[in-house]
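Undergrad: Residue numbers (the working numbering): 95 to 470. Beta carbons are placed, not taken as given, at the ideal position from N, Cα and C, and that holds for glycine. Here it is, the structure in full.
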Amino acid sequence: MNYLLVLGREPKISLAELEALFSSSKVKQIASNLAIVTAHSLSLDRLGGSIKAGLILDYPLQDYLSNLPEGKITLGISDYSTRANPRKTWELALKYKNLLKRHGRNVRLVPNGKSAVLSSAASHHNQLGEKTNHIEIIKFGKYTAISVGTQNITAYAKRDQARPARDAFVGMLPPKLAQILINLATEGAKSGTILDPFCGTGVVLQESALLGYSVYGTDLSEKMIDYSRKNLDWLFDKTQKLQKSQAPKIQLEVGDATKHQWQPTPDFIASEIYLGHPLSAPPADIKLKQLQQDAKSLLSDFLRNLGKQIPAGTQLALAIPAWKRPNGTYSGVNILDELDKLGYNAIKYRYASYDDLLYYREDQIVARQIIVLRKK
Ligand SMILES: C[S@@+](CC[C@H](N)C(=O)[O-])C[C@H]1O[C@@H](n2cnc3c(N)ncnc32)[C@H](O)[C@@H]1O
95 MNYLLVLGRE PKISLAELEA LFSSSKVKQI ASNLAIVTAH SLSLDRLGGS IKAGLILDYP
155 LQDYLSNLPE GKITLGISDY STRANPRKTW ELALKYKNLL KRHGRNVRLV PNGKSAVLSS
215 AASHHNQLGE KTNHIEIIKF GKYTAISVGT QNITAYAKRD QARPARDAFV GMLPPKLAQI
275 LINLATEGAK SGTILDPFCG TGVVLQESAL LGYSVYGTDL SEKMIDYSRK NLDWLFDKTQ
335 KLQKSQAPKI QLEVGDATKH QWQPTPDFIA SEIYLGHPLS APPADIKLKQ LQQDAKSLLS
395 DFLRNLGKQI PAGTQLALAI PAWKRPNGTY SGVNILDELD KLGYNAIKYR YASYDDLLYY
455 REDQIVARQI IVLRKK
């Protein structure tokens with residue numbers, strides 16, 4: 095089956111995630127923010143980088159509309175075509191409403207307002223693609239797809255903001271980015287243990303557990319291990335699917351990632367390493383050099399230590415720091431040249447170069463550079 099994916103704020107990162115989960119040959123970028131994925135099934139809950147997904151129809155839309163199950167219909171339309179405009183989209187919505195009315199159906203249209211596409215918030219709040227007869231038609235050029243879901247922003251916000259143990263100083267890794275790291279590391283493997291050797295308050299561990307992986311967290315700070323434990327306990331209490339007897343295993347211990355011996359050996363590593371102190375302005379050149387040096391030595395000492403403990407082929411996805419320059423560009427940790435010596439290869443993606451895998455908000459001084467490595 096072919097799915098139309100609407101990519102998130104960083105489309106290249108979203109594409110890398112799709113390539114990791116479905117393999118490059120099954121992913122095709124068709125516009126700056128759209129891709130087609132060929133897969134047997136696809137769940138948006140698994141994806142951190144895509145915001146909407148629809149199953150592409152290979153038969154006329156009219157046929158689909160005339161065969162909907164009984165009951166009231168909620169209908170929304172998003173047209174991502176280059177020449178789409180809000181008025182035309184609304185006219186199309188009215189046309190489909192009339193067609194359905196002629197079949198005796200009761201229809202509520204979701205207004206698209208000043209845009210030709212429904213925002214992911216509008217789609218999500220109207221449960222389009224999530225409930226029977228809550229339908230979103232997603233169009234792009236010759237493609238027509240029926241939504242199978244929108245990013246669950248309510249669930250993300252709950253997981254992010256309602257966690258009992260939070261630490262502004264350690265910084266908040268967005269759950270979406272944690273999911274992306276997990277997908278880049280595991281490439282969708284069904285089970286296994288994910289290690290986060292800089293686990294902080296446990297965002298990566300939480301998202302890993304939700305995806306059904308066993309989790310292993312270590313951190314230099316005892317306080318952070320306590321926080322991770324509190325957050326995981328809270329998540330297990332709150333989440334029905336984690337309460338069952340086959341809930342994933344948790345292992346947490348204090349440890350310096352540059353020296354620690356992890357036992358048992360993890361299957362995958364997903365982590366945001368220590369990003370250094372939060373900054374309120376771009377660092378001056380001398381300060382930047384120091385920050386880069388510190389991050390590089392932490393990263394290479396960690397990779398050297400880990401490399402002695404994991405078998406060839408083990409995959410790691412890491413978020414490492416990059417700093418904003420006064421001219422608005424970002425300057426990162428120069429680790430690529432060292433990888434060979436350290437015993438790793440960097441994974442390459444068809445649609446995203448190394449520099450494309452930079453995750454940041456305009457107002458952030460410290461950005462996250464994503465690197466995906468495989469032990470040689
Ligand atoms: C940015 S936080 C990690 C966030 C975390 N990945 C998450 O999912 O919430 C970085 C953490 O690295 C820890 N840290 C710093 N140096 C370390 C080291 N050498 N070994 C292990 N942990 C370290 C800090 O205590 C901090 O909790």
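Kindly give me the distance between the Cβ atoms of Ser241 and Gly148, rounded to whole angstroms, as I take these residues to be in contact under 8 Å.
TA: Contact holds; Cβ gap of about 5 Å.
Undergrad: Using the three-state DSSP reduction, which class does Pro415 fall into: helix, strand or coil?
TA: strand
Undergrad: Could you check how far apart the C-beta atoms of Asn200 and Lys166 are, in whole angstroms? I think they sit under 8 Å.
TA: 5 Å
Undergrad: Can Pro258 be considered in contact with ligand 1, in the sense that its beta carbon sits closer than 7 Å to one or more heavy atoms?
TA: no
Undergrad: What does the Cβ neighbour count give for Lys106, buried or exposed, with the cut at 16 atoms within 10 Å?
TA: buried
Undergrad: Over the uninterrupted alpha helix (DSSP H) stretch that includes Lys435, give me the two end residues.
TA: 430-436
Undergrad: Go to Ser425, then tell me how far its beta strand (DSSP E) extends in each direction, as first and last residue.
TA: 424-426
Undergrad: Just to check, is the beta-carbon of Pro268 closer than 7 Å to a non-hydrogen atom of ligand 1?
TA: Pro268: no, Cβ never under 7 Å from ligand 1.
Undergrad: So, do the stretch 225-245 and the stretch 307-319 have three or more beta carbon pairs nearer to each other than 8 Å?
TA: no
Undergrad: Kindly examine ligand 1 and report whether one of its heavy atoms sits closer than 7 Å to the Cβ of Thr295.
TA: yes
Undergrad: State the CB to CB distance for the pair Gln123 and Ala114, rounded to an integer number of angstroms; the pair is presumed to be in contact (CB under 8 Å).
TA: That pair is no contact at about 15 Å.
Undergrad: Keeping to the same chain, check which residues put their C-beta closer than 6 Å to that of Leu155; ignore five residues upstream and five downstream.
TA: Thr238
Undergrad: Please work out which residues of its chain come closer than 7 Å, Cβ to Cβ, to Asn325, disregarding the five sequence neighbours upstream and downstream, and give them in chain order.
TA: So the qualifying residues of the chain are Arg257, Pro258, Ala259, Thr295, Gly296, Gln300.
Undergrad: Would you please state the rounded distance, in angstroms, between the beta carbons of Ile363 and Pro291? I believe it to be under 8 Å.
TA: Taking a contact as a CB-CB distance under 8 Å, the pair Ile363 and Pro291 counts as one, their CB atoms being some 7 Å apart.
Undergrad: Within 10 angstroms of its Cβ, does Leu451 collect 16 or more other Cβ (buried), or is it exposed?
TA: buried
Undergrad: Taking only runs that begin and end inside the stretch 292-371, name each unbroken beta strand (DSSP E) of 3 or more residues, in chain order.
TA: Counting only runs of 3 or more residues that sit fully inside the stretch 292-371, the beta strand (DSSP E) segments are 308-313, 344-348, 362-366, in chain order.
Undergrad: Restricting to Cα atoms, I'd like to know which of Gln355, Ala378, Asp350, Lys383 is closest to Ile367.
TA: Asp350
Undergrad: Give a yes or no on whether the C-beta atoms belonging to Lys343 and Ser365 are separated by under 8 Å.
TA: no
Undergrad: Does the Cβ-Cβ distance between Arg103 and Leu271 come in under 8 Å?
TA: The Cβ atoms of Arg103 and Leu271 lie no closer than 8 Å to each other.
Undergrad: Any contact between the stretch 415-423 and the stretch 277-288? By contact I mean 3 or more CB pairs, one from each, below 8 Å.
TA: no
Undergrad: Relative to the C-alpha of Leu289, which candidate in Glu281, Val298, Ala283 has its C-alpha closest?
TA: Val298
Undergrad: Determine the extent of the alpha helix (DSSP H) in which Gln463 is found, giving its start and end residues.
TA: No alpha helix (DSSP H) contains Gln463, which is instead part of the beta strand (DSSP E) from 460-469.
Undergrad: Apart from the five residues just before and just after Arg419, which ones in its own chain have a Cβ nearer than 6 Å to its Cβ?
TA: Pro376, Ser425
Undergrad: Between Asp254 and ligand 1, is there a pair consisting of the residue's CB and a ligand heavy atom that are separated by less than 7 Å?
TA: False, no ligand heavy atom lies under 7 Å from that Cβ.
Undergrad: Who are the near neighbours of Leu436 in its chain, counting only those whose CB is closer than 7 Å to its CB and skipping five residues on each side?
TA: Ser394, Leu397, Arg398, Gly401
Undergrad: Hey, could you find the ends of the beta strand (DSSP E) Gln156 is sitting in?
TA: According to the DSSP assignment, Gln156 belongs to no beta strand (DSSP E) but to the alpha helix (DSSP H) extending over 155-160.
Undergrad: Could you tell me the boundaries of the beta strand (DSSP E) in which Ile247 lies?
TA: First-last for Ile247: 247-255, but that is the alpha helix (DSSP H), not the beta strand (DSSP E).
Undergrad: Taking only the alpha-carbon atoms, compute the straight-line gap between Leu410 and Ser160 and give it to the nearest angstrom.
TA: 48 Å
Undergrad: Ser108 lies in the alpha helix (DSSP H); which residues open and close that run?
TA: 105-116
Undergrad: Please report the straight-line C-alpha distance between Lys233 and Tyr174, rounded to a whole angstrom.
TA: 6 Å
Undergrad: Name the DSSP bridge partner or partners of Gly148?
TA: Leu98, Ser241
Undergrad: Quick one: Cα of Gly286 to Cα of Tyr453, how far?
TA: The C-alpha of Gly286 lies about 26 Å from the C-alpha of Tyr453.
Undergrad: Name, in chain order, the residues that DSSP records as bridge partners for Ile229.
TA: Leu169
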